Every structure is written in C-alpha cells, then in structure tokens.
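Visitor: Dropping a structure here in structure tokens format, bear with me for questions.
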Amino acid sequence: MKALYLYDSYLKECKSSVLEIRNEGTQIFLDQTVLYARGGGQPTDFGKLVRASDNAEFSVVNVTKVDGKISHEVDKPGLVTGDAVRVLVNWDRRYKLMKMHTAAHTLASIMHKEKGVLITGNQIEEDKTRFDFNLETFNLDEMQLLVQKANQALNRNLDVKTYFLPREEAMKIPGVVKLAGALPPEITELRIVEIGDVDLQADGGTHVRNTSEVGEIELIKLENKGKSNKRLYFKLK
Ligand SMILES: [Zn+2]
Numbered sequence: 118m119k120a121l122y123l124y125d126s127y128l129k130e131c132k133s134s135v136l137e138i139r140n141e142g143t144q145i146f147l148d149q150t151v152l153y154a155r156g157g158g159q160p161t162d163f164g165k166l167v168r169a170s171d172n173a174e175f176s177v178v179n180v181t182k183v184d185g186k187i188s189h190e191v192d193k194p195g196l197v198t199g200d201a202v203r204v205l206v207n208w209d210r211r212y213k214l215m216k217m218h219t220a221a222h223t224l225a226s227i228m229h230k231e232k233g234v235l236i237t238g239n240q241i242e243e244d245k246t247r248f249d250f251n252l253e254t255f256n257l258d259e260m261q262l263l264v265q266k267a268n269q270a271l272n273r274n275l276d277v278k279t280y281f282l283p284r285e286e287a288m289k290i291p292g293v294v295k296l297a298g299a300l301p302p303e304i305t306e307l308r309i310v311e312i313g314d315v316d317l318q319a320d321g322g323t324h325v326r327n328t329s330e331v332g333e334i335e336l337i338k339l340e341n342k343g344k345s346n347k348r349l350y351f352k353l354k
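The numbering of the sequence shown is my numbering, which starts it at 118 and goes up by one.
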C-alpha cells in the first residue's frame, strides 16, 4: 500500500488495484491511493473509485488506517479483489484542508515561540480549525497579535518542503516530534514538513507548496476550558 499523498499532496488521481475486501464489500484495500487516511488532526478525504472494466463508480465516504493499512469505506459493495480502479480525490475539499493544515502549523509555531504554548489537541476542518492548548492566562488582544504574526509569516511566501529522514537523524532536530510518545518503534523513517524558517516537524499531513496559497488566518473565538486549558477556533479568508 503506497500513500502517494505523502510524496505529492497535489495528486488528484491515480491508478490502483484492489488487494483485499472486507465488511461485505464495503471496505476496500488498494495497492496505492491518493486519498488521505484521517489522522493527526486532519480529517478523511472524500472521493471515488472508478472500476476500469465498466466505469462503475463507488463513492469513498471514509478513509482510515486499519491494521497499519489504508482502508477505503465505499457506499456500496461490488468491487472484487483484482479489480483495476482509478482513485479520485474530492479536490475542492482536500485543497481547503491543505491550506488549513499549513496555516495550523504556522500559527502553532508562532504561539510556541512567542508564548511557550503547546498545542494539546487540534481538529482541522474545511471551514474552521480548533486548537486546544496549555496557557494560564490569555486575552483577545494578545491572541490577535499572535495571529497577526502568523499572517506576516504566511505573507512572506515561504516554500513548504516535505521530505523523509532516517529516524535517528530526525530525532537530533530539537522539537521535531511534537507527540514523542505517539511514535511507534517500528517507524524507521520520518516525514518532515518544513515551512520556511517558521516551522519544522515530523508530520503525515497534506500541505500546500507555498504559504502564499493559504490566505489569511482569522480568529473566530476563544474559550476558557480550565486553569491552563484554553481553546481557539480560526478560519481562513
Ligand atoms: Zn500537522
């Protein structure tokens, strides 16, 4: 199973073949895919599988990781092992998620550099993103200033690079793994996402090629969830 989006997030379709079927024909495992399996705060891609022999279409409604493999949940049974298919991504949704993901890394990095904030949870969506973070006190003006700094960084038209490093080498970069405990020992190579001089971390998500594609971050609201537990929502305009 090759996750092609890890190498090129701009691929909108690929040829593939069905390796395995589960759940009465509704769970499809392919030899390669362009559809993102949800994880790391980024939700599933939607898309479709089109069978080469008769152009029959199967909508992909959820993509997840199951037993270390990527599972495509489709709307109806009918595909069989060995079928040749085309895999197409709902690009409109995906591109919005790519912009959001690059924006999220940029803002998180500014929050960390300026205030020592650590993001404890995040959920990216097409129209908004949620950050949970640890900070004792905050106010709207202070957070607006951080958003402004993130927008200044995005406005510098920074290239976003993704590449792979051997685990040993990657782990020498301070702070490269944001959730250290979550890294399984069998992973020998880390995918690095580098946003200019603003952020560098191990990440499996899809990102734009340049921050000029992102647009502008706009704070929607702040919430106080406890003593050192805060939440914010932002969107892109
Ligand atoms: Zn990420």
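We put the beta carbon where it would ideally sit given N, CA and C, even for glycine. Fair warning: this is a prediction, and the values are worked out from it, not measured in the lab.
So, helix, strand or coil for D209, using DSSP?
Guide: Helix.
Visitor: Are the Cβ atoms of S188 and T181 separated by less than 8 Å?
Guide: Yes.
Visitor: To the nearest whole angstrom, what separates the beta carbons of R348 and R247, a pair I think is in contact under 8 Å?
Guide: Right, the Cβ-Cβ distance comes to about 7 Å (below 8 Å), so this counts as a contact.
Visitor: Who pairs with E137 in a beta bridge, going by DSSP?
Guide: Answer by DSSP bridge pairing, in chain order: F146.
Visitor: Cβ of D316 within 7 Å of any heavy atom in ligand 1?
Guide: Checking the Cβ of D316 against ligand 1 gives no.
Visitor: I290 and L317: beta carbons closer than 8 Å?
Guide: Contact: yes.
Visitor: Compute the distance between the beta-carbons of V315 and S176, then report whether it is under 8 Å.
Guide: It is not a contact, given that the beta carbons lie outside the stated cut-off.
Visitor: How would you call K186, buried or exposed, if buried means at least 16 neighbouring beta carbons within 10 angstroms?
Guide: Its Cβ having fewer than 16 others within 10 Å, K186 is exposed.
Visitor: So what's K266 in DSSP terms, helix, strand or just coil?
Guide: K266 falls in the helix class under three-state DSSP.
Visitor: Might you give, ordered along the chain, the residues of its own chain that have their beta carbon closer than 7 Å to the beta carbon of E141, omitting 5 neighbours on each side?
Guide: Counting only Cβ-Cβ distances below 7 Å, and skipping sequence neighbours, we find P194.
Visitor: Rounded to whole angstroms, what's the CA-CA distance from L257 to F250? Just pull it up for me.
Guide: Approximately 15 Å, taken between the alpha carbons.
Visitor: I'd like the span of the alpha helix (DSSP H) that includes A287, first residue to last.
Guide: That run of the alpha helix (DSSP H) goes 284-287.
Visitor: Once DSSP output is grouped into helix, strand and coil, what is the label at L349?
Guide: L349 falls in the strand class under three-state DSSP.
Visitor: Would you check if the distance between the CB atom of Y350 and the CB atom of I309 is smaller than 8 Å?
Guide: Not in contact: Y350 and I309 (Cβ atoms no closer than 8 Å).
Visitor: Tell whether a beta-carbon distance below 8 Å holds between T305 and R326.
Guide: No; because the gap between Cβ atoms is not below 8 Å, this pair is not in contact.
Visitor: Can you give me the C-alpha to C-alpha distance between A120 and P302, rounded to a whole angstrom?
Guide: Approximately 20 Å between the Cα atoms of the pair.
Visitor: So R247 is in the beta strand (DSSP E); what residue range does that whole segment cover?
Guide: From DSSP, the beta strand (DSSP E) with R247 extends over 246-251.
Visitor: Residues near ligand 1, CB to any non-hydrogen atom under 6 Å, in chain order?
Guide: Those satisfying the condition are, in chain order, G157, H218, H222, D320, G322.
Visitor: Are the CB atoms of V204 and C131 nearer to each other than 8 Å?
Guide: Their beta carbons are under 8 Å apart, which means V204 touches C131 by this criterion.
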